[in-house]
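These notes are about the structure you will find just below.
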């Protein structure tokens with residue numbers, strides 16, 4: 236209990252530092268997710284439509300998935316040095332595989348005759364993408380985004396190892412100073428953020444799949 | 008001479024890597040308002056022929072025109088909006104309600120909201136779907152109901168031409184018969200030009216005013232159901248539709264076309280024990296009644312149950328041989 240109250244008091248006394256860490260943590264995570272989405276959604280769609288692309292691209296991203304997050308951070312270190320930017324790159328790489336794979340699966344899962352019917356009604360490729368393919372692939376894409384979000388929010392903690400800031404700073408310092416209160420100042424909010432992003436995306440997912448349940 | 012709706016002029020389609028063409032140098036004229044069924048086995052090229060009309064498949068050579076206009080000269084999307092398209096797997100959009108599905112083409116065409124809503128109501132009624140289904144999703148409907156929506160959706164933009172690729176092929180026999188009957192009713196009301204692909208001989212004969220028989224990429228015969236049976240062009244057609252089948256032939260002939268005049272003598276003989284048929288009934292029905300009642304002839308009656316003619320077994324023999 237002392238440990239928890241200690242953590243609470245620390246937050247009260249060092250509000251500025253705490254909220255700054257939360258802000259950095261969140262912006263790191265959100266930016267990483269946005270960049271990964273911007274890259275991987277189009278790539279996933281391209282893979283789903285052009286089978287010859289699939290092998291190469293999926294192979295590359297699947298192998299990325301095998302590398303532990305900490306290892307990615309450490310590999311980035313000699314290339315980009317320390318700070319926010321290398322942390323962002325590492326987290327983006329981490330967020331890519333689930334988004335790419337789920338986009339691919341989502342688009343591949345659309346029945347071909349639904350697309351044939353849409354084309355037969357006189358919809359152009361752009362309209363089919365917006366009105367048919369995106370809505371139909373959305374539930375699976377969102378579950379990929381959810382996985383990526385939880386992973387990124389949790390792994391953003393590690394950014395502190397390469398000077399990226401964020402809530403991980405408290406954890407590292409807490410560990411180093413053998414101060415468990417300080418450790419919890421980082422750990423508890425990270426856990427809460429991870430749970431919140433899980434719950435948040437699950438909510439959006441439910442809204443997007445209403446047609447499958449009613 | 009009726010207006011020509013669809014004209015195929017020496018159309019050939021060879022798919023990449025295929026050794027022989029799926030559709031070979033095919034010419035065909037479909038008149039406006041006719042219901043043409045395309046009959047053939049799988050691989051005969053019947054679906055390819057159909058899908059070239061709305062450019063889902065592009066021909067390798069030859070031209071197709073729609074109401075006198077070469078279809079390659081208009082954008083594919085615009086062309087397709089003016090042609091109704093129904094496929095075997097229906098292909099309803101699962102994330103849209105029935106109403107939204109039916110309203111697809113009117114929405115693309117930019118109709119105003121009220122007009123679209125009236126159109127949806129009209130079409131739902133036309134295909135015998137209760138209005139309460141408007142807000143349902145496709146998943147909640149049975150296969151037969153889904154295809155009713157598919158037909159309504161295809162007709163939403165009021166196209167002059169409907170292309171149907173085995174629309175009832177995946178539906179159980181009882182529901183299929185009902186759908187065929189209902190669809191014939193709809194066609195009677197609207198008089199669209201319909202191209203309808205099927206591998207089911209009975210379906211082709213039941214629905215089509217004229218039938219295209221295809222085999223290995225070529226049209227074997229393009230004729231009325233009766234002519235196909237009485238004058239098959241070749242051995243393939245004869246075997247496919249079992250033209251030698253007596254019942255098949257009798258099925259296609261109407262009692263009113265083969266009856267003798269109803270004479271005073273017949274009237275005097277009384278009609279109590281004489282079986283009756285309608286003018287529209289087939290000679291097959293006549294034969295059935297003759298055998299069932301062991302009667303010398305059947306009376307053909309009009310709408311008011313008044314005898315207008317009779318058919319004897321002799322007539323059946325003449326009809327069959329001629």
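Residue numbers (the numbering used here), protein chains in the order written: chain A, 236 to 449; chain B, 8 to 329. We put the CB at the ideal spot given by N, CA and C, even for glycine.
- By the 16-neighbour rule on beta-carbons within 10 angstroms, residue 210/B is buried.
- Counting of Cβ neighbours within 10 angstroms places residue 298/A among the exposed residues, the total staying below 16.
- Under the three-pair Cβ rule at 8 Å, the region 260 to 268 of chain A counts as touching the region 388 to 399 of chain A.
- With respect to the C-alpha of residue 287/B, the residue from 79/B, 16/B, 309/B and 55/B having the closest C-alpha is 309/B.
- For residue 314/B, the enclosing beta strand (DSSP E) starts and ends at 314 to 319.
- Comparing alpha carbon positions, the residue from 232/B, 185/B and 175/B closest to residue 203/B is 175/B.
- Taking 7 Å as the Cβ-Cβ cut-off, the region 89 to 117 of chain B approaches chain A at 92, 94, 96, 98, 100, 101, 102, 111, 112 and 115, given in chain order.
- Residue 151/B and residue 182/B do touch by the CB rule: their CB atoms are close to 4 Å apart, below 8 Å.
- Three or more pairs of CB atoms, one per stretch, sit closer than 8 Å, so the region 87 to 107 of chain B contacts the region 344 to 364 of chain A.
- When Cβ pairs closer than 8 Å are counted between the two stretches, the region 103 to 121 of chain B is seen not to touch the region 71 to 82 of chain B, the count staying below three.
- Residue 123/B is outside the set of residues whose beta carbon lies under 8 Å from a beta carbon in chain A.
- Three or more Cβ pairs closer than 8 Å define a contact, and the region 94 to 103 of chain B falls short of that threshold against the region 120 to 130 of chain B.
- Legend: CB atoms of the region 349 to 362 of chain A lying less than 9 Å from CB atoms of chain B belong to residues 349, 350, 351, 352, 353, 354, 355, 356, 357, 358, 359 and 362.
- Residue 420/A and residue 318/A have their C-alpha atoms some 21 Å from each other.
- When CB distances to chain B are screened at a threshold of 7 Å, the residues of the region 361 to 385 of chain A falling below it are 367, 370 and 371, in chain order.
- An exposed status is given to residue 413/A, since fewer than 16 other beta-carbon atoms sit within 10 Å of its beta-carbon.
- Not one beta carbon of chain A lies nearer than 8 Å to the beta carbon of residue 205/B.
- Nearest to residue 254/B by C-alpha distance, out of 263/B, 233/B, 241/B and 274/B, is 233/B.
- Beta-bridge annotation (DSSP): residue 16/B is paired with 70/B.
- Around residue 389/A, the same chain offers 425 and 429 as residues with beta carbons nearer than 8 Å, after the five sequence neighbours per side are excluded.
- When Cβ-Cβ separations below 8 Å define contact, residue 446/A makes contact with chain B.
- The three-state secondary structure of residue 91/B, taken from DSSP, is strand.
- Taking one beta carbon from each stretch, the region 141 to 148 of chain B and the region 28 to 39 of chain B have fewer than 3 pairs nearer than 8 Å; the two do not touch.
- Residue contact check for residue 144/B against chain A: a CB pair falls below 8 Å.
- Residue pairing from DSSP places residue 289/B in a beta bridge opposite 261/B.
- Residues of chain A whose Cβ lies closer than 9 Å to the Cβ of residue 85/B are, in chain order, 357.
- Taking 8 Å as the cut-off, the beta carbon of residue 372/A is found closer than this to the beta carbon of residue 345/A.
- Under the 8 Å Cβ criterion, the region 258 to 276 of chain B counts as touching the region 311 to 328 of chain B, having at least three qualifying pairs.
- Rounded to the nearest whole angstrom, the C-alpha separation of residue 134/B and residue 200/B is 18 Å.
- Within the region 31 to 62 of chain B, those residues whose Cβ lies closer than 7 Å to any Cβ of chain A are, in chain order, 61.
- Between the beta-carbon of residue 86/B and that of residue 108/B there is about 21 Å, and that puts the pair past the 8 Å contact cut.
- Taking 8 Å as the cut-off, the beta carbon of residue 67/B is found closer than this to the beta carbon of residue 20/B.
- Between residue 240/B and residue 249/B, the C-beta spacing is not below 8 Å.
- It is roughly 9 Å from the alpha-carbon of residue 159/B to the alpha-carbon of residue 129/B.
- Pairing residue 282/A with residue 432/A, the inter-Cα distance amounts to about 28 Å.
- Scanning 332/A, 384/A and 246/A for the CA closest to the CA of residue 435/A turns up 384/A.
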